[in-house]
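Below you'll find the structure, written out as structure tokens, and then a few comments.
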Amino acid sequence: MDWKINIITYNLAMKSSNTEAVHNMLNGTIDDQTHLVGIGLQEVAHAETIGGAIATWAQSIATWVNNNTRMVLLGKTFQATNQVLIFGRKQLIGQIKRIDYRFQRNTFRGLTGHKGSIGVRLQLASPYSIVFVVSHFMHGPEHNSKRIEQYHTNRICSFPEDKSVRAAFWFGDFNFRVEEDMNTVIQKIKNGTHLELLDSREQLKRTMIERDAFIGFREQPITFEPTYRMLVGTSEPDGKRVPSWTDRVLYKGDGITELSYCNNKKAVASDHLPVIAGFRVTGPVAPKPKWEVVFEHLPTWYTSVPLVGRFQVNAQFYKENGSYRDWIGIFPATIDDCTTATNWIYAATCFEQIIDGEKFLACEFSDIPVGSYRLGYFACHLNCIVGLSKVFQIVEQP
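Its first residue numbered 1, the sequence shown is counted upward by one per residue in UniProt numbering.
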């Protein structure tokens, strides 16, 4: 395993998504050498998660990634106004054996998750896991002790008990502040001496040095200007808050090489600037993927004939991790999103067929338009695809 992993964190300040804003956020952050991308969003408008938004950041980001990279959406989830999206190379779909999510809520004494954390664990075919934690901690320079307290209650989202975790990335709007007069900080930014504030006046740096929080985690050297609070539409401080490095990316693990760490001054849709970090994670070579569900290869099919696909399920897998909520989906051959199919049915509705003495399960779909597709089996307890057919074609009948 020798993977390049990029991390992006962006507080959207409830601003609406648009094509230009997403392009400015992502352009230049993902290249052909990238294997995994973890994106954490904070202060996403409520309409994007409960319904009502015409365009959402998650949809716009997925569309941009599909159009401009070779990545596929492996997993996504949300908590209140916080979202996390994990993208990976299409070749890695078979390497992901399980995706687990954890949530910790802190707003109103845990009633809501506007402030809190989301943890995502990718269990690989090799005996290793990779963890992503997205957090939004309490705001305000006076609440440093409360942010430290939040870290300790949110630490469960980093799967600390799991010895298989090879690398953990904890990122988001941590809200730690610079303890200095606003005008002094702005003047230091103008004359290029702002980085000296990190040595003595920055809360997170002091917290980590004193081992009050993020014990064992590290951070790449900061060489960029503060990311909050900006005048929307610009990369300049708005003069209403002390400029601070609220948006951060920390990491922990073995075999991790630091590659890059910067803010993105082209993405100005919010009063925060995004922060992007790049890493390389090395480890033993992963074994060849072995599907828990094996699909029979489908020949070219006609649109006028209901599509029937056959597959076999590993009995041990179903005994341990099967669910009545598992589903079979028809995916575009490009498989842009592992969590959403163009058509799907519950696996429990499939029927048995005996072919040459072997038992198969059969799924049936109708009205599938012309195109190139794959069948996939999504295991709900594992939150990932555990079986994928080869590409087949559906054509008009001559």
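No residue lacks a Cβ here, since even glycine has one placed at the ideal position from N, Cα and C.
Note that the structure is predicted; figures quoted are calculated from it, not measured.
| query | result |
| --- | --- |
| In the DSSP output, which residue or residues are listed as bridge partners for Ile256? | Val281 |
| Keeping to the same chain, check which residues put their C-beta closer than 7 Å to that of Thr257; ignore five residues upstream and five downstream. | Phe279, Arg280 |
| Residue range of the alpha helix (DSSP H) that Gln59 falls in? | 57 to 68 |
| Tell me the start and end of each unbroken alpha helix (DSSP H) in the region 141 to 185 that is at least 4 residues and wholly inside, in chain order. | 144 to 154 |
| Let me check understanding here. Comparing Cα to Cα, which of Glu396, Phe331, Tyr318 lies closest to His381? | Tyr318 |
| Alpha carbon to alpha carbon, how far is Thr339 from Phe360? Give it in angstroms, no decimals. | 24 Å |
| Mind the definition here: the region 27 to 47 touches the region 159 to 178 only if three or more C-beta pairs lie below 8 Å; say whether that holds. | yes |
| What residues are listed by DSSP as bridge partners for Cys363? | Gly309 |
| For Gly329, which of Thr112, Thr349, Gly38 has the nearest alpha-carbon? | Thr349 |
| Give every residue of the same chain whose Cβ lies closer than 7 Å to the Cβ of Thr29, excluding the five residues on either side of it in the sequence, and list them in chain order. | Asn6, Ile8, Ile276 |
| Rounded to the nearest angstrom, what separates Lys252 and Phe169 at their Cα positions? | 7 Å |
| At what residue ranges does the region 334 to 378 contain a whole run of the alpha helix (DSSP H), taking only runs of 4 or more? | none |
| Helix, strand or coil: how does DSSP classify Thr200 here? | Just to set this straight, residue 200 is Ser in the shown sequence, not Thr. Residue state, collapsed to three classes: helix. |
| Express the C-alpha separation of Asp212 and Ala333 in angstroms, rounding to a whole number. | 49 Å |
| Secondary structure at Gly94, three-state DSSP: helix, strand or coil? | helix |
| Just the C-alpha distance for Ser200 and Lys290, rounded to the nearest angstrom, thanks. | 52 Å |
| How long is the line joining the alpha carbons of Val134 and Pro160, rounded to whole angstroms? | 15 Å |
| For the alpha helix (DSSP H) holding Gly50, just list the boundary residues, first then last. | At residue 50 the sequence reads Ile, which differs from the Gly that was named. Element bounds for Ile50: 46 to 50. |
| Excluding the 5 residues preceding and the 5 following Asp100 in the sequence, name in chain order all residues of the same chain whose CB lies nearer than 6 Å to its CB. | Arg121 |
| Short check: CB of Val65 to CB of Gly88, under 8 Å? | no |
| With DSSP collapsed to three states, give me the class of Ile5. | strand |
| When burial is assigned at 16 or more other CB atoms within 10 Å of the CB, is Gly216 buried or exposed? | exposed |
| Given Pro369, which residues of its chain have a CB within under 8 Å of its CB, disregarding the five upstream and five downstream residues? | Thr303, Ile394 |
| Taking only the alpha-carbon atoms, compute the straight-line gap between Gly309 and Glu225 and give it to the nearest angstrom. | 55 Å |
| What does the alpha-carbon distance come out to for the pair His297 and Gln353? | 16 Å |
| Out of Trp57, Arg166, Val232, state which residue places its alpha-carbon closest to the alpha-carbon of Asn82. | Trp57 |
| What is the C-beta distance between Ala53 and Ala47, in whole angstroms, given that I count them as a contact (C-beta under 8 Å)? | 4 Å |
| Who pairs with residue 436 in a beta bridge, going by DSSP? | What is shown of the chain runs 1 to 398, which leaves residue 436 out entirely. |
| Could you tell me if Arg177 is buried or exposed, where buried requires 16 or more neighbouring beta carbons within 10 angstroms of its beta carbon? | buried |
| How many angstroms separate the CA atom of Gly119 from the CA atom of Ser244? | 25 Å |
| What residue range is occupied by the uninterrupted alpha helix (DSSP H) comprising Lys319? | 315 to 321 |
| Thinking C-alpha only, which one of Val391, His152, Tyr261, Gln312 is nearest Glu358? | Gln312 |
| Do Phe80 and His114 have their CB atoms nearer than 8 Å? | It is Ala, not Phe, that sits at residue 80 in the sequence shown. Cβ distance < 8 Å, so Ala80 and His114 count as in contact. |
| Is Tyr373 near the ligand MG - that is, is its Cβ less than 7 Å away from at least one heavy atom of it? | Absence of the ligand MG from the depicted structure is noted, as is the absence of any ligand whatsoever, leaving it without description. |
| Counting along the chain, where does the alpha helix (DSSP H) carrying Met25 start and finish? | 19 to 26 |
| For the beta strand (DSSP E) holding Phe217, just list the boundary residues, first then last. | No beta strand (DSSP E) contains Phe217, which DSSP labels as neither H nor E. |
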